[in-house]
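Reviewing the structure listed below.
Protein chains in written order, with this note's numbering: chain S, 3 to 117; chain X, 81 to 191.
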């Protein structure tokens, strides 16, 4: 149980283009999903909290117009990196939390490279 | 504030010995403390967690202790094995929703 998928696993895009990353909870309903960014050999930095049917809450310093988050259903949240630049290259990981408790289960991550 | 400190940043132990990783948190309202294991290029995996109503929890070779008064909690791995080598992150919840993560400990088990 508590399986979270993320797609794509890797993506390479050119500067100025947009990339969409999907996060799905496969066997449970996720009332809340979280998006993190992780640099090499660093910890997970929370970017935003996404609740189904409402606007995402962004952490300080995260541009909401650049990192668009949509949580249209209890099993799907998407992160769109708009007008990507090389400094956006990173490992993006989502997590999902179900109705039952505090546990967060992570997706496998998406490695984004912007050239 | 939302702050979780984790020590040490790197830890090497002989196979079969024990490993201990410690974390402190700043918000006295935190009541949920998970530990994650992350292998290179992989997702963080929840290995054990503890809530503030207990002081210790054990699952086979892994245990976590919590001292709410001192606001610190620790991960203990006994009888370490090579497959325990990974980066370990502690976390604490804030506002009953989001987690703040420690900076991670790179654990290396020496065969």
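Backbone N, C-alpha and C fix where the C-beta goes; we use that ideal spot for every residue, glycine too.
{"query": "Members of the stretch 175 to 189 of chain X that neighbour chain S once the beta carbon cut-off is set at 7 Å", "result": "177, 178, 179, 181, 182, 183, 184"}
{"query": "Residue 120(X) burial status per 10 Å Cβ neighbour count (16 or more: buried)", "result": "exposed"}
{"query": "Outcome for residue 98(X) when other beta-carbon atoms lying within 10 angstroms are tallied against a minimum of 16", "result": "exposed"}
{"query": "CB contact check: residue 111(S) to chain X, cutoff 7 Å", "result": "yes"}
{"query": "Closest Cα partner of residue 69(S) within the set 60(S), 77(S), 75(S), 76(S)", "result": "60(S)"}
{"query": "Chain S residues whose Cβ lies nearer than 8 Å to that of residue 112(X)", "result": "104"}
{"query": "Same chain, Cβ closer than 6 Å to residue 47(X), neighbours up to 5 away in sequence not counted", "result": "For residue 47(X) there is no data in the structure shown, the boundaries of chain X being 81 and 191."}
{"query": "Pairwise C-alpha distance: residue 65(S) and residue 91(S)", "result": "15 Å"}
{"query": "Nearest-angstrom Cα separation, counted from residue 165(X) out to residue 114(S)", "result": "26 Å"}
{"query": "One or two residues paired with residue 172(X) in a DSSP bridge", "result": "180(X)"}
{"query": "Backbone CA spacing between residue 57(S) and residue 36(S) [nearest angstrom]", "result": "13 Å"}
{"query": "Among 84(X), 83(X), 186(X), 130(X), nearest to residue 162(X) - alpha-carbon criterion", "result": "186(X)"}
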